[in-house]
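Heads up: the sequence lines are chains A and B, in that order. Mind the numbering: the first sequence is residues 1 to 297 in the working numbering, read in order. Mind the numbering: the second sequence is residues 1001 to 1534 in the working numbering, read in order. All C-beta atoms in this analysis are idealised placements derived from N, C-alpha and C, irrespective of residue type, glycine included. See structure below.
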Amino acid sequence: MAELARNEGNVVQQEEKATSLWKEGWIRFRKNKMALIGSGIVLFFILLAIFAPFIAPYDMNDQQLSMRLQAPSKDHIFGTDDFGRDIFSRVVYGARISLWVGFFSVLGSVVIGSLLGIIAGYYGRWVDAVISRVFDIMLAFPSILLAIGIVAVLGPSLKNALIAIAVINIPNFGRLIRSRVLSIKQEEYITAAKAIGMSDARILFHHILPNSMAPIIVQGTLAIATAIIEAAALGFLGLGAQPPNPEWGKMLADSKAYLTQAPWTMIFPGLAIMLTVLGFNLMGDGLRDALDPRMKS
Amino acid sequence: MKKKWLLTMLTFLLVAATALAGCGKSEQTGGGKTEEAEKPTTLVYGRGGDSVGLDPATVTDGESFKVTKNIFDTLLDYNDGDTTIQPALAEEWTISDDGLTYTFKLREGVKFHDGTDFNAEAVVFNFERWANGNADTFPYYGSMFGGYKNDEGHVIKEVKALDEHTVQFVLKRPQAPFLKNLAMVPFAIASPEAIKKYGDKFGENPVGTGPFVFKEWKRNERIVLEKNKEYWLEGHPKLDKLIFVSIPDNSARLNALLKGEIDIMEDLNPSDLAQVEGNKDFQVFKRPSMNVGYVGLTVTRGPLGNKLVRQALNHAVDKQAIIDAFYAGQAQPAKNPLPPSIPGYNDAIQDYPYDLEKAKQLLAEAGYPNGFEMELWAMPVPRPYMPDGQKVAEALQASFAKIGVKAKIVTYEWATYLDKVAKGEADAFLLGWTGDNGDADNFLYALLDKDSIGSNNYTYYANDELHNILIEAQTVSDENKRNELYKKAQEIIKEDAPWIPLVHSTPLLAGKANIDGFNPHPTGTDKFTKVQFK
């Protein structure tokens, strides 16, 4: 009876704390103009991606070789590329690819990174040593080089590029979580949980993980921006999306020969990459200011 | 927060400013150099890919031949602008009335780069070496001389040294293009001593009698040749050094030329033609067209084994649109494997018209009403017959998609690409051919006869009727009769459709305005003996 009451109390207290953290965060976030602009941009591209078939005026892969390299006009507001494809339609569909790669690669690295980070941080000793050294080894490589290496092994495709990007970001999240776990582990409520004989799994997933959520979200948002750039870089090198997929980086690579004659072939995909990345960065910065306890003034 | 933004922007500006300043500066020094330089003696030749090997007998790719042409000499050579025969290492020759015995008088006093003598024994040694090989070791020998020593089709019965400077070839059957074949780059005479010394490594240490001596090879980067001071042609070569550099990207290569890093570039993007023509510091060279760019349809692979499928794919390609888009009009649509400039070209043949309905109908007849999936291989490097294989592949991919054929574009590094295609691992693949001796035999027999499977017949297409015609054409010396046979051969090939012939292009090169004596040869391999700076 007594134990039950104590448990209930614990839950209630936790919920209160959580609500106040998120609520407080939202208030701070709302006040941050830059963060709102960033979220606006991100939302814009998400809508673009969702409603692409309704927004794009042409089939993204429809080639009209006689209409190649047309300057922007009323028919083709972003102009046409060297195959006579409508660049606007391709940029719109490209949002799907870039966001898809961005979200899912980061989701992958968050899940695996967090798991490894928690295990390393909580159990310590040789488990920690092994996992941390593996992270160190991975971080020793320039990330894009590691990604190229992974794609070279798996073979060039969008899916493999996504996997590669997910893998190279694992250590970032792993380290972040590990450090959070190390500090949370010392908290009194964890000691208390241990004292009442709570299982490791419950402590990890009901107490430590929820308390590490804020930095994961911040880091995750910023990582999406990096992931989009990395996907574009791999696409540019021919290691990501394969033709005729309208991936932005690939569009840049395909058009680079026409930089002087038909600059619109590069400007619009380039702008799209820049804007989405800017959007995620602004939003991520805003979230950090709002949520990250270390930044609290 | 604000401060951070300001800092970011400032950094950005700084980087941009530095980059821009860098551009301006390098252009200035480039311009200055050309003005103050007196008369350069080093020529840097920029091309799209690296050589596969420098023992010409072991390779079949143009990038290797371009270099070996300058390290080695052949018994006979071609005229500057065409493929008429002229003396080289052999000064004169006689042919017996039955067309079976060729006797060559060799040039005297010629030495290999390693100091050993060039003589009749060296010629015999080289031919013995090739005849004792096989399609893996000396692929080109087999396709030009009907196989190897113990093969029934082998043309050469024996090669004898009559004396120090006379060599005699005895043939089993007459071969009309025999002299033209001897003049081909792969049949260059190499130093027997060097071959014995280096063995398998001879391709990395080539020793010939040519105008330039091999110096250094950094893979995928550069091959350096130096003047052969003892060259038999008095007063030649004019250059002290000849460097071949590989710059895969056509635009990057043009930039290198404009910045003065290279002196001649191959494979100018047709779309950049106007830019070079409008600049008085540079000149454009047009190589006479003797090539074909094609899509090979490997007949041993899945649906492509069906003739109707191959014909359907032929119907699905709009060649003129591809030429307008990716050759800037510097090409003509191909309907035959032979370029029109070669005797024996069959102009009466009707090409498969661009007709998607007909293509779908043929696919349905073949049992693929909903199409199928296949790989479409695209070469990774620009070729004279195809400045941008990736783009052409993408255009083809869209065309094929319209008849339900889903093509996945695949590419490999160039040497691997050729190797895998030769092994028949590709479904459909882009490739092309530049004639090496100006004879129909060098296209039809070399590329499409069943004897050439494993060497240059990459589609594994084999037709006995065609084989008999091509062999007969080799033995007939009457020009008209030969041409008739080749015309018939082209009809058979058209019907069986192992290829989609795409284009015959006019390859474009660009170079500095002060280059003199450079006449691009239709074979695609140039000898730099007479080239110099004005």
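- Judged by DSSP in its simplified three-state form, B/Val1067 adopts helix.
- Secondary structure note for B/Met1374: its beta strand (DSSP E) is the uninterrupted segment 1373 to 1377.
- Taking a cut-off of 8 Å for Cβ pairs, the stretch 86 to 94 of chain A and the stretch 282 to 292 of chain A do not touch, as fewer than three such pairs fall below it.
- Under DSSP, B/Val1044 takes part in a beta bridge, and its partners are B/Ile1243.
- When C-beta atoms of the stretch 1275 to 1292 of chain B are compared with those of the stretch 1303 to 1316 of chain B, fewer than three pairs fall below 8 Å, so the two segments do not count as touching.
- Residues of the same chain with a CB within less than 7 Å of the CB of A/Gly270, apart from the 5 flanking positions on each side, are Leu252 in chain order.
- Note that the C-beta distance between B/Ala1331 and B/Ile1342 is not below 8 Å.
- Within 10 angstroms of the beta-carbon of A/Ala195 lie fewer than 16 other beta-carbons, which makes it exposed.
- Below 8 Å, too few C-beta pairs join the stretch 1247 to 1263 of chain B and the stretch 1454 to 1471 of chain B to call them touching: fewer than three.
- Where B/Lys1238 is concerned, there is no enclosing beta strand (DSSP E), because DSSP gives it neither an H nor an E.
- Burial state of B/Val1295 is buried, judged by a 10 Å Cβ sphere holding 16 or more other Cβ atoms.
- Within the same chain, and ignoring the five residues on either side of B/Leu1179 in sequence, the residues whose Cβ sits closer than 7 Å to its Cβ are Leu1076, Ile1085.
- At a cut-off of 8 Å, the C-beta of A/Arg68 has a neighbouring C-beta in chain B.
- Secondary structure at B/Asp1516: strand, using DSSP grouped into helix, strand and coil.
- Among the bridge pairs identified by DSSP, B/Phe1285 is matched with B/Leu1509.
- For B/Tyr1294, the enclosing beta strand (DSSP E) covers residues 1291 to 1297.
- For the set B/Lys1512, B/Lys1111, B/Phe1214, the Cα lying nearest the Cα of B/Glu1230 is the one of B/Lys1111.
- Counting along the chain, B/Gly1432 sits inside the beta strand (DSSP E) bounded by residues 1428 to 1434.
- Contact annotation for A/Gln242 against chain B: Lys1408, Ile1409 [CB-CB distance below 8 Å, chain order].
- Using a Cβ distance threshold of 8 Å, B/Lys1530 and B/His1236 count as a contacting pair.
- Around the beta-carbon of B/Asp1427, 16 or more other beta-carbon atoms lie within 10 Å, marking it buried.
- In this model, B/Ala1489 and B/Val1067 are separated by some 33 Å (Cα to Cα).
- The shortest C-alpha to C-alpha distance from B/Ala1135 to any of B/Pro1520, B/Asn1456, B/Gly1435 is the one to B/Asn1456.
- Contact with chain A is found for B/Ser1251, since one of that chain's Cβ atoms lies less than 8 Å from the residue's Cβ.
- Separation of the CB atoms of B/Tyr1148 and B/Pro1186 is rounded to 14 Å, and the pair is thereby denied contact status at 8 Å.
- Taking the Cα positions, B/Glu1413 is about 32 Å away from B/Thr1083.
- B/Gly1371 and B/Gly1404 do touch by the CB rule: their CB atoms are close to 2 Å apart, below 8 Å.
- In this structure, the alpha-carbon of A/Ile177 lies about 16 Å from that of A/Val130.
- In this structure A/Asn169 touches A/Ala223 by the C-beta definition: roughly 6 Å separates them, less than 8 Å.
- Between A/Ala52 and A/Ala95, the gap from beta carbon to beta carbon is short of 8 Å.
- For the pair A/Gly117 and A/Val181, the CB atoms are nearer than the 8 Å cut-off.
- Contact annotation: in the stretch 119 to 151 of chain A, no residue has its CB less than 9 Å from a CB in chain B.
- Per DSSP, the unbroken alpha helix (DSSP H) holding B/Leu1308 starts and ends at 1307 to 1315.
- Residue nearest to B/Phe1212 within the set B/Thr1523, B/Thr1041, B/Asn1070 is B/Asn1070 (criterion: CA-CA distance).
- Here B/Ile1095 carries a strand assignment [DSSP, helix/strand/coil].
- The contact set of A/Asn245 on chain B, defined by CB atoms closer than 7 Å, is empty, because the minimum CB distance reaches about 11 Å.
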